[in-house]
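**Q** Below you'll find the structure I mean.
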């Protein structure tokens, strides 16, 4: 599903709003649907970044140790950079992105919150913050941030899609999820889930239950 501010893992444009170095695509969830005789029998959720790469990296193997160490070094460098310059919005976003990639949701949340204190109208950062709140098990906070992203950018498809994911998968609110995805279709009737499935077709099958 393509993101509006960037033509998603975008690196947040400042995220999508002012241009940030090494911008990362907004992250979002992919719903894999299992159907039997046309009936939705289950929903399996995996978070994905734009372009189809998993948002939550798998456990590192020995071959990944070097890259993991490099990522840790980059995080440490950005932590020092932002401690020296708390007004460095690009630094906070980059730090949030790296912590997102390193599966460190609490650190990512802190960094994104710092960035939003400097620029509260960044729909991409709000969306990624929502994903991290979901990862931390704070589902209501995730919804709040997706809603804020939509209030900033009503055409932000990823925020709308992610809201439906959390409502369906985490809050057991299929009615709310269907409404969120119907609102997504209202702004883009051809909207697709990141796995390539038509959201319109997905909803039709869900409603057949």
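In the numbering used here, the protein residues as written are 43 to 251. Just so it is clear, CB atoms sit at the ideal spot from N, CA and C, and this is done for glycine as well.
Quick check on residue 143: buried or exposed, where buried means 16 or more other Cβ atoms within 10 Å of its Cβ?
**A** buried
**Q** At which residues does the alpha helix (DSSP H) containing residue 217 begin and terminate?
**A** 216-229
**Q** Take residue 227 and list the residues in its own chain whose beta-carbon comes closer than 8 angstroms to its own, dropping the five residues that flank it on each side.
**A** So the list reads 233, 241, 242 and 245, once near-sequence residues are dropped.
**Q** Should residue 164 be labelled buried (16 or more other beta-carbon atoms within 10 Å of its own) or exposed?
**A** buried
**Q** Report yes if the CB atom of residue 177 is closer than 9 angstroms to the CB atom of residue 216, and no otherwise.
**A** no
**Q** Residue 159 to residue 239, Cα distance in whole Å?
**A** 36 angstroms
**Q** Closest by CA to residue 120, which one among 135, 202, 235 and 109?
**A** 135
**Q** Among 222, 220, 184 and 167, which one has its Cα closest to the Cα of residue 175?
**A** 184
**Q** Comparing C-alpha positions only, which one of 199, 131 and 150 sits nearest to residue 117?
**A** 150
**Q** Work out the CA separation of residue 180 and residue 201 for me, nearest whole Å.
**A** Distance between the alpha carbons of residue 201 and residue 180: 16 angstroms.
**Q** Give me the DSSP bridge partner(s) of residue 240.
**A** Per DSSP, 234.
**Q** Distance check for residue 124 and residue 130, CA to CA, integer angstroms please.
**A** 6 angstroms
**Q** Taking the C-alpha atoms as reference points, what is the distance between residue 155 and residue 171?
**A** 8 angstroms
**Q** Here's the rule: buried if 16 or more other CB atoms are within 10 angstroms of the residue's CB, otherwise exposed. What is residue 205?
**A** buried
**Q** With a floor of 4 residues, list each alpha helix (DSSP H) that falls wholly inside the stretch 119-156, ordered by position along the chain.
**A** Within the stretch 119-156, the complete alpha helix (DSSP H) runs of at least 4 residues are 131-143.
**Q** For residue 137, which option in 162, 109 and 167 has the closest C-alpha, if you only look at C-alpha atoms?
**A** 167
**Q** What would DSSP say about residue 211, mapped onto helix, strand or coil?
**A** helix
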